Amino acid sequence: MAQHAYDVVVIGAGPVGENAAARAVGGGLTVALVDHERFGGECSYWACIPSKALLRPGNLLAAVRRMPGVDHDGGLDPAAVFARRDAFTNGGDDSAQVDWVRSAGIEPVRGHARITGEREVTVGGDVFHARQAVIVCTGSVVRMPSVAGLEQLPAELVWTSRDATTASAVPKRLAVLGGGVVGTEMAQAWAQLGAEVHLLMTGPRPLPAYPEFAGDAVADGLRSAGVRLYPDTTAEQVSEVDGADVGAVRIAHKGDVVDADRLLIATGRKPATAELGLDAVGLEPGDPMPVDDNGLVSGVDGGWLYAAGDVTGRAPLTHQGKYQARIVGDVVAAAARGDTVYRSPWSSHTTTADHHAVPQVVFTDPEVASVGVREPAGAGQRAVELDIAVAGSALHADDYAGRLRAIVDTRRDVLLGMTFVGPDTAELLHGATIAIVGEVPLHRLWHAVPAFPTISEVWLRLLEEYGL
Ligand SMILES: Cc1cc2nc3c(=O)[nH]c(=O)nc-3n(C[C@H](O)[C@H](O)[C@H](O)COP(=O)(O)OP(=O)(O)OC[C@H]3O[C@@H](n4cnc5c(N)ncnc54)[C@H](O)[C@@H]3O)c2cc1C
Ligand SMILES: NC(=O)c1ccc[n+]([C@@H]2O[C@H](COP(=O)([O-])OP(=O)(O)OC[C@H]3O[C@@H](n4cnc5c(N)ncnc54)[C@H](O)[C@@H]3O)[C@@H](O)[C@H]2O)c1
130 MAQHAYDVVV IGAGPVGENA AARAVGGGLT VALVDHERFG GECSYWACIP SKALLRPGNL
190 LAAVRRMPGV DHDGGLDPAA VFARRDAFTN GGDDSAQVDW VRSAGIEPVR GHARITGERE
250 VTVGGDVFHA RQAVIVCTGS VVRMPSVAGL EQLPAELVWT SRDATTASAV PKRLAVLGGG
310 VVGTEMAQAW AQLGAEVHLL MTGPRPLPAY PEFAGDAVAD GLRSAGVRLY PDTTAEQVSE
370 VDGADVGAVR IAHKGDVVDA DRLLIATGRK PATAELGLDA VGLEPGDPMP VDDNGLVSGV
430 DGGWLYAAGD VTGRAPLTHQ GKYQARIVGD VVAAAARGDT VYRSPWSSHT TTADHHAVPQ
490 VVFTDPEVAS VGVREPAGAG QRAVELDIAV AGSALHADDY AGRLRAIVDT RRDVLLGMTF
550 VGPDTAELLH GATIAIVGEV PLHRLWHAVP AFPTISEVWL RLLEEYGL
């Protein structure tokens with residue numbers, strides 16, 4: 130076994146691992162960054178980037194179609210959409226990413242990493258000793274549901290998000306199981322690309338984690354794109370369709386069936402900790418890695434094991450994982466220098482925003498953009514809801530339909546959460562994030578005058594509705 134020593138070993142070179150490594154190097158430490166697949170991780174090749182590249186052309190076309198006076202005779206050209214997506218993902222080639230890692234002063238290591246002891250990571254025949262810390266950023270993997278017949282289906286009939294973001298042929302019929310973020314975004318994208326899409330969901334509307342008005346608006350948008358929705362529907366059994374010319378799958382539910390050429394499983398993800406050797410440090414393989422607000426893994430002695438990103442189960446989003454990563458990298462560097470590691474909320478070393486202000490955009494048409502709490506939690510909190518109906522929205526699109534819900538802490542007069550739904554609401558979100566993180570009193574927001582005529586004018590309407 131070859132032995133290597135670095136100050137820090139980072140496991141997982143997704144967006145989170147790369148950021149943790151870069152901050153640790155910036156803090157003066159030597160870092161090895163290990164990945165068993167592609168540098169850049171899920172987000173770059175199979176998730177955020179390709180999915181948004183697939184969605185944007187269809188959403189743009191739908192917007193143009195709603196606008197009188199704009200010529201939109203041509204529809205989507207799937208081949209061109211796929212080519213643009215592949216340009217964003219470099220066709221799956223991560224060599225440029227590895228070059229960046231080297232140029233940042235980080236040592237890239239390819240292979241599957243396991244924790245084999247305190248401050249020790251083994252990759253094949255190499256043992257890496259971490260003088261200061263090991264940071265786990267292994268992300269998450271698809272969680273397959275238990276549906277009768279699923280394991281017996283030929284693999285080519287079953288899509289996960291990886292297939293849905295990388296496929297370069299439009300299936301004639303696509304069934305989607307799960308009405309969460311992946312299910313709605315990919316149903317939208319593939320319908321816009323020309324597939325006949327059937328979306329099966331267990332609840333009455335998609336996006337159950339969001340306010341009902343948001344799920345309802347997205348359901349309407351999906352229907353307009355041609356998606357057939359199956360609310361309150363559990364897939365009881367899946368099977369291959371006998372005698373089909375091309376492979377086909379049948380999904381049985383409520384005494385009825387849906388036939389499709391591909392079945393996309395979009396029923397959630399789980400932290401990638403099953404094959405990490407967590408038992409060597411007394412943690413349960415398969416579980417999320419519990420961390421405190423400095424990113425230190427709880428329940429492991431010695432203060433050397435940290436984690437960030439999807440693997441923690443905290444907020445499985447790229448931007449929030451990268452925020453955690455920047456903080457963990459800085460914490461490790463500060464501890465190595467013998468500097469104080471700050472533990473108070475909102476310090477430069479604490480991931481306080483994880484508890485108060487996690488922004489997320491669902492890039493459907495209409496978009497859902499949300500940060501902070503989505504429902505009022507009893508006395509002292511008030512939900513203020515209104516349509517987005519201002520001069521800016523009317524000019525932006527004919528028949529613009531949008532809505533927002535703000536949750537206000539009425540005792541402190543500050544915003545706790547905001548959910549927007551409507552075309553192009555994504556870019557409204559950061560204003561809400563700033564207001565929540567800054568705890569800006571609403572009477573002070575009164576002086577933040579939205580430009581006329583923009584969709585942001587709805588902030589003024591919100592304050593008036595609140596009573597200012
Ligand atoms: C379809 C889809 C669309 C999404 N869209 C968005 C979006 O628009 N915006 C957003 O914010 N989030 C989005 N997400 C979520 C986002 O992809 C994740 O939050 C993000 O990738 C998490 O980053 P990470 O670095 O923690 O993990 P990952 O990106 O999963 O990276 C983990 C890395 O660790 C490596 N690894 C794992 N185990 C080991 C091991 N034992 N040894 C060595 N290497 C290992 C993996 O190969 C991988 O490269 C989307 C997710 C999906 C599935
Ligand atoms: N735009 C974005 O920010 C974006 C896009 C895609 C994914 N992501 C992230 O990736 C993660 C994974 O997304 P996801 O959509 O896979 O998970 P999710 O948890 O958002 O949605 C999964 C959905 O599947 C449903 N479900 C579970 N079991 C089912 C079953 N047997 N049959 C039918 N439905 C079932 C759940 O009720 C839920 O609505 C999320 O945490 C999300 O934040 C983010």
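Just so we're aligned, residue 130 is where the sequence shown starts under our numbering, counting upward by one. Cβ atoms here follow ideal geometry from the backbone N, Cα and C, with glycine treated the same way. Just so it is clear, the structure is predicted and the values come from calculations on it, not from any experiment.
Rounded C-beta distance between residue i and residue j? I'm assuming under 8 Å.
i             : j            : result
valine 440    : alanine 401  : 6 Å
valine 263    : leucine 434  : 5 Å
proline 186   : leucine 205  : 6 Å
aspartate 516 : arginine 532 : 5 Å
valine 299    : alanine 277  : Wrong, their Cβ atoms sit about 28 Å apart, outside the cutoff.
proline 360   : arginine 334 : 6 Å
alanine 436   : valine 426   : 5 Å
Which residues bound the beta strand (DSSP E) around residue i?
i                 : result
tyrosine 435      : 434-436
methionine 547    : 543-551
arginine 291      : Not the beta strand (DSSP E): arginine 291 falls in the alpha helix (DSSP H), residues 290-295.
phenylalanine 257 : 255-265
serine 473        : No beta strand (DSSP E) holds serine 473; DSSP gives it neither H nor E.
glycine 501       : 496-501
proline 207       : First-last for proline 207: 207-217, but that is the alpha helix (DSSP H), not the beta strand (DSSP E).
glutamine 489     : 489-491
serine 269        : 269-271
arginine 302      : 302-306
valine 230        : Here valine 230 belongs to no beta strand (DSSP E); instead the alpha helix (DSSP H) covers 224-232.
leucine 412       : Leucine 412 -> no beta strand (DSSP E), and no H or E assigned at all.
leucine 281       : Checking the sequence shown, residue 281 turns out to be glutamine, not leucine. Neither: glutamine 281 is in no beta strand (DSSP E) and is coded neither H nor E.
histidine 478     : Run containing histidine 478: none; DSSP gives neither H nor E here.
aspartate 136     : 131-140
arginine 334      : Note, arginine 334: premise wrong, no beta strand (DSSP E); not H, not E.
aspartate 528     : Neither: aspartate 528 is in no beta strand (DSSP E) and is coded neither H nor E.
valine 299        : Unbroken run through valine 299: none, as it is neither H nor E.
Going by C-alpha to C-alpha distance, which of the options sits closest to residue i?
i             : options                        : result
alanine 465   : Gln261, Gly155, Val256         : Gln261
valine 210    : Ser353, Phe549, Leu190         : Leu190
alanine 153   : Val230, Gly204, Ala176         : Val230
alanine 526   : Arg455, Arg195, Leu589, Val502 : Arg195
valine 227    : Arg272, Val500, Ile244, Ser173 : Ser173
valine 137    : Arg167, Leu589, Glu236         : Glu236
proline 144   : Phe168, Asp202, His258         : Phe168
alanine 364   : Val537, Ala395, Asn219         : Ala395
glutamate 556 : Phe581, Ser585, Gly438, Thr539 : Ser585
valine 550    : Val500, Ala564, Arg511         : Val500
alanine 561   : Thr548, Asp553, Val287         : Thr548
glycine 406   : His241, His201, Val378         : His241
leucine 592   : Gly521, Ala523, Pro417, Val513 : Val513
lysine 383    : Asp164, Asp416, Gln366         : Gln366
leucine 446   : Ala530, Val386, Ala176, Val252 : Ala176
valine 193    : Gly157, Gly141, Leu589, Asp528 : Asp528
Which first and last residues belong to the alpha helix (DSSP H) in which residue i is found?
i              : result
threonine 313  : 310-321
glutamate 247  : Run containing glutamate 247: none; DSSP gives neither H nor E here.
isoleucine 536 : First-last for isoleucine 536: 532-538, but that is the beta strand (DSSP E), not the alpha helix (DSSP H).
valine 154     : 144-155
aspartate 483  : 482-485
histidine 525  : 520-525
Is the region 492-500 in contact with the region 329-349, if contact means three or more CB pairs nearer than 8 Å? Taking a cut-off of 8 Å on C-beta distances, the region 492-500 touches the region 329-349, as three or more cross pairs fall below it.
For the region 533-546 against the region 568-582, are there 3 or more C-beta pairs whose distance is under 8 Å? Segments in contact, yes.
Taking 8 Å as the threshold, find out whether the region 242-249 comes into contact with the region 414-426 through three or more Cβ pairs. Contact between the region 242-249 and the region 414-426 is not established, with fewer than three Cβ pairs separated by less than 8 Å.
Counting only runs that start and end within the region 348-406, where is the beta strand (DSSP E) found for 3 or more residues in a row? List check, beta strand (DSSP E) in window: 357-359, 366-369, 378-382, 385-389, 391-394, 398-400.
Any chance the region 446-460 sits against the region 497-509, with 3 or more Cβ pairs inside 8 Å? These segments do not touch.
Determine contact between the region 318-331 and the region 276-292, defined as no fewer than three beta-carbon pairs at a distance below 8 Å. No: fewer than three Cβ pairs fall under 8 Å.
Scan the region 418-465 and note each continuous alpha helix (DSSP H) run of 4 residues or more that stays entirely inside, going in chain order. Runs of the alpha helix (DSSP H) inside the region 418-465: none found.
Report the residue ranges of all alpha helix (DSSP H) runs contained in full by the region 561-596; include only those spanning at least 4 residues, in chain order. Within the region 561-596, the runs of alpha helix (DSSP H) that reach at least 4 residues and sit entirely inside it are, in chain order, 571-574, 587-595.
Inspect the CB distances between the region 321-331 and the region 296-308 and report whether three or more fall short of 8 Å. Taking a cut-off of 8 Å on C-beta distances, the region 321-331 touches the region 296-308, as three or more cross pairs fall below it.
Restricting to runs no shorter than 3 residues, where is the beta strand (DSSP E) found entirely within the region 158-201? The qualifying runs are 160-164.
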